[in-house]
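Each protein sequence line maps, in turn, to chains A and B. Residue numbering for the first sequence follows the numbering used here, beginning at 919 and increasing consecutively. Residue numbering for the second sequence follows the numbering used here, beginning at 919 and increasing consecutively.
There are 2 protein chains.
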Amino acid sequence: MKLDTAGTGAGLPAEGDLKKAAAAWEKLMGGGGMTGWLELPRRMKDSEADISAAAAEIMDSSRALVVIGIGGSYLGARAAAEALDAQGAELIYVGKDMSPRTYRDAARQLEDKDFSVAVISKSGTTVESAIALRVFRQLLDKKYGPSAGKRIYAVTDPEKGALRRMARENGWKSFPIPPDVGGRYSVLSAVGLLPMAAAGIDIHSVLDGARDAMEEYSDGNPENPVWQYAAVRNALYSAGKKTELFSAYEPSLGYFLEWLKQLFGESEGKEGKGIFPASAVFTTDLHSMGQYIQQGERNLMQTVIYAEDVLCDMEIPYDEEDADGLNYLTGKKLSWVRRKAFEGTLQAHVAGGVPVNVIEVPELCGEELGRLFCFFQLACGLSGHMLGVDPFNQPGVEEYKSRMFSLLGRPGYV
Amino acid sequence: MKLDTAGTGAGLPAEGDLKKAAAAWEKLMGGGGMTGWLELPRRMKDSEADISAAAAEIMDSSRALVVIGIGGSYLGARAAAEALDAQGAELIYVGKDMSPRTYRDAARQLEDKDFSVAVISKSGTTVESAIALRVFRQLLDKKYGPSAGKRIYAVTDPEKGALRRMARENGWKSFPIPPDVGGRYSVLSAVGLLPMAAAGIDIHSVLDGARDAMEEYSDGNPENPVWQYAAVRNALYSAGKKTELFSAYEPSLGYFLEWLKQLFGESEGKEGKGIFPASAVFTTDLHSMGQYIQQGERNLMQTVIYAEDVLCDMEIPYDEEDADGLNYLTGKKLSWVRRKAFEGTLQAHVAGGVPVNVIEVPELCGEELGRLFCFFQLACGLSGHMLGVDPFNQPGVEEYKSRMFSLLGRPGYV
């Protein structure tokens, strides 16, 4: 991947911003606390084989894997499965909402299908996923009787918590979530890797890309793209660009953008500060959000992930009538047309006063995705420290939970 | 539906704001220009039967309907089909992006299925949809030979443009897009109604709800919820709330939120002004965007559409072990739990300094959806006039198009 801010209106970072980045980098690399993710790509070397074996077992016994998880417990896996067009076990996501329709639809999809369940939760008491586990344990029991437990895979704290206890008592296969890794930084632990592998993704290449990236971006110097990106976006924020529109030109990157929104929003949005993360999938959203981006409030910056996709392509067909006037494109590849749309849009948005950070990915594959995960995690940790907040806590999420628990009548909250 | 701003931190509109609303209302109701949508629910009475007949024909001949359209030419239909859980012909959306994967996936989905095509475009020269029409005409020709044209339904300008010409020359069935109705206000014309009806939605009830709403909200007085909402959000914008987070608690309302983003973003985002429209589906996104909403920059307002869903529900199962501590919810309906999550979140966000407009919908059905479409269109037109912009143009969308055409080498643009 390649970062470009210079030619895109975002500009090169100023010296003062890079100095701030240097100080923040020290803090980030100091490690400790919830920075175990810095080590994950290397640490996971020892667990790769176990995860791959469990995934092979799942693919062998099941056509679908029900993934129970919410927030950081499913976004990374879903981002990867959709971006890489996984063709292994079908992933069915539940426990990510409180919609009865989600349950109905999942049950319908599973009707004539063998399936397994991966339940992903540090504690095991998150309401959404706990309800889902109850429901899908019943479905498993009904379908597989005494052997149902063999189809449950728990990804949870290595020692503590309700889900760990359940896994132990019921003899479920389990994988640890390292205690020094927070949910939104956990995609390269079993949290992300187990569903990815079951979906048929080569996790070795994802981890390889991640290890490469951690190596490449470990340099404490201003040329480091992580520094450049963090410095530029912080400078833009100081200059009044309060919203960052993460964009891609491939719909299957939509969940990668969702992953980015959690990563940055939860890491930076505190103490009345932080860039608001929004997302758009182009060219689709040029036909809905394009007008605003071009001419609305000038408090926007944009970060485009432009990935060349090698999976498939097609040619624009010839039409004898040419009523639509499109024959000048005959024989051109659709990917080429898309690239021109990207380039034209980039020019237009910059001209309209929206600075754009461009991250180009030469090929949408496991290795590049591993790199992207690491690049953005590093940039986010660095950005948070530059902003002067703790990028690894989330003190605000308790507020709605305690009010909800009180309304639900949960013991201890009434 | 019922609007509540008073108890939710958004407050009652001030007298000055309502005066501004009164002046803007005059302008809006003056009609002319692109305000044909004000009349659409009544006008469509005459076309309902034709659209329903075409839809019946589609459902009879086809298991899937390929919907070719982008922006306002597909968002409304998709919003309705997903919200109302349509069970007629399967809608497959193409021409809404430039992704080769979209074409590959659509072709796979159609492999062993009879299908028809609805192509929706005022001009017929929008690049995305024009390419899609070329591709799916070829597929139709290959599958159905000389009778392929009987499976194409064009929704386009009644007189002018490439698609009208093609429809005429090839004898395709066609429906008009009224020239005085813009794309983002066209959901209640054949643009939205034809795919809806083919998907099995009772469009009569949608139009009934719409007619009711147009009647109910036609009153020029401060009690009108349209005035209240427009006045409150404009006052909040003036007070620095630059971003409006449209939210729902049901994932199948996700495309309704996308429809809202186009409606408001394209209507208001111009001349350096306008509220930036973002969206979130809860409770899912409380686990990603919740932290930011609770404690980030205080430039947010929120508008929640809370819809009771009567389609399906379920009870929280009992678990003897109760390791997750969830037995206090045993036997409770999931919809009840969701409602408590909504109420707790509302309290939390208001306490955190985010004003929330609440729109409650007693039942997610065609009639209520028709009402919602009209409520928001009226509120958007009114809001735009209060802001001092033309809510019915979109001068900024040409910028990227002309640059793209130049890069593509389109004759006349090089």
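Just so it is clear, CB atoms sit at the ideal spot from N, CA and C, and this is done for glycine as well.
Asked: Classification of residue 1313 of chain A by the beta-carbon crowding that lies within 10 angstroms, buried from 16 upward; Found: exposed
Asked: Residue 1201 of chain A, DSSP secondary structure in three states; Found: coil
Asked: Where residue 1161 of chain B sits in the DSSP three-state scheme; Found: strand
Asked: In DSSP terms, what residue 1174 of chain A is bridged to; Found: Note: residue 1174 of chain A sits in no beta bridge, so no partner.
Asked: Continuous alpha helix (DSSP H) assignments of at least 4 residues falling wholly in the stretch 956-1020 of chain A; Found: 958-961, 966-979, 993-1001
Asked: Under the three-state DSSP convention, the category residue 1301 of chain A falls into; Found: helix
Asked: Beta strand (DSSP E) runs contained entirely in the stretch 1209-1294 of chain B, provided each spans 3 or more residues; Found: 1218-1225, 1274-1279
Asked: Proximal residues of chain A, C-beta to C-beta of residue 988 of chain B below 8 Å; Found: 1201, 1202, 1205
Asked: Where the beta strand (DSSP E) containing residue 1037 of chain B begins and where it ends; Found: 1033-1038
Asked: Residue 1295 of chain A, buried or exposed, once every other Cβ within 10 Å from all chains shown has been counted against 16; Found: buried
Asked: Alpha-carbon to alpha-carbon, residue 1282 of chain A and residue 1228 of chain A; Found: 7 Å
Asked: Cβ-Cβ separation, residue 1284 of chain A to residue 1124 of chain A (assumed contact under 8 Å), whole Å; Found: 4 Å
Asked: Check whether residue 1042 of chain A and residue 1079 of chain A have beta carbons under 7 Å apart; Found: yes
Asked: Start-to-end residues for the alpha helix (DSSP H) that takes in residue 935 of chain A; Found: 933-947
Asked: Residues that residue 1213 of chain B contacts on chain A, provided the C-beta gap is smaller than 8 Å; Found: 1187, 1188, 1189, 1190, 1313, 1314
Asked: Beta-carbon neighbours of residue 1170 of chain A, restricted to chain B and to distances below 7 Å; Found: 1019
Asked: Inter-residue CB distance, residue 1048 of chain A and residue 1242 of chain B (contact presumed, cutoff 8 Å); Found: 4 Å
Asked: Secondary structure, beta strand (DSSP E): runs of 3+ residues fully inside the stretch 1031-1088 of chain B; Found: 1033-1038, 1070-1074
Asked: Below-7 Å beta-carbon distance, residue 1256 of chain A vs any chain B residue; Found: yes
Asked: Secondary structure of residue 1143 of chain B, DSSP reduced to three states; Found: helix
Asked: Proximity test, residue 1318 of chain A beta-carbon vs the ligand ATP heavy atom, cut-off 6 Å; Found: Ligands in the displayed structure: none, and consequently the ligand ATP is not present.
Asked: Through-space distance from residue 1100 of chain A to residue 1091 of chain A, alpha-carbon basis; Found: 22 Å
Asked: Sequence-distant residues of the same chain with beta carbon closer than 6 Å to residue 1150 of chain A, five excluded per side; Found: 923, 928, 931
Asked: Given residue 1112 of chain B as reference, the closest of B/1009, B/1320, B/1318 once Cα atoms are compared; Found: B/1009
Asked: Inter-residue spacing [alpha-carbon to alpha-carbon] between residue 987 of chain B and residue 1234 of chain B; Found: 41 Å
Asked: Alpha-carbon to alpha-carbon, residue 1219 of chain A and residue 1155 of chain A; Found: 9 Å
Asked: Contacting residues, own chain, Cβ-Cβ under 7 Å from residue 1158 of chain B (five flanking each side not counted); Found: 1217
Asked: Coarse secondary structure for residue 1313 of chain B, derived from DSSP in three states; Found: helix
Asked: N-terminal and C-terminal residue of the beta strand (DSSP E) that residue 1092 of chain A is part of; Found: 1091-1094
Asked: Test: residue 1043 of chain B CB closer than 7 Å to a CB of chain A; Found: yes
Asked: Interface residues of the stretch 1216-1238 of chain A facing chain B [CB-CB below 8 Å]; Found: 1216, 1217, 1218, 1227, 1229, 1230, 1231, 1232, 1234, 1235, 1237
Asked: Beta-carbon proximity check, residue 1076 of chain B vs residue 921 of chain B, cutoff 7 Å; Found: no
Asked: Reference residue 1177 of chain A, options A/1088, A/1271, A/1291, closest by Cα; Found: A/1291
Asked: Residue environment, residue 1034 of chain A, which counts as buried when at least 16 other CB atoms sit within 10 Å; Found: buried
Asked: Beta-carbon neighbours of residue 1327 of chain B, restricted to chain A and to distances below 7 Å; Found: 1246
Asked: For residue 1137 of chain A and residue 1299 of chain A, the rounded distance between their alpha carbons; Found: 15 Å
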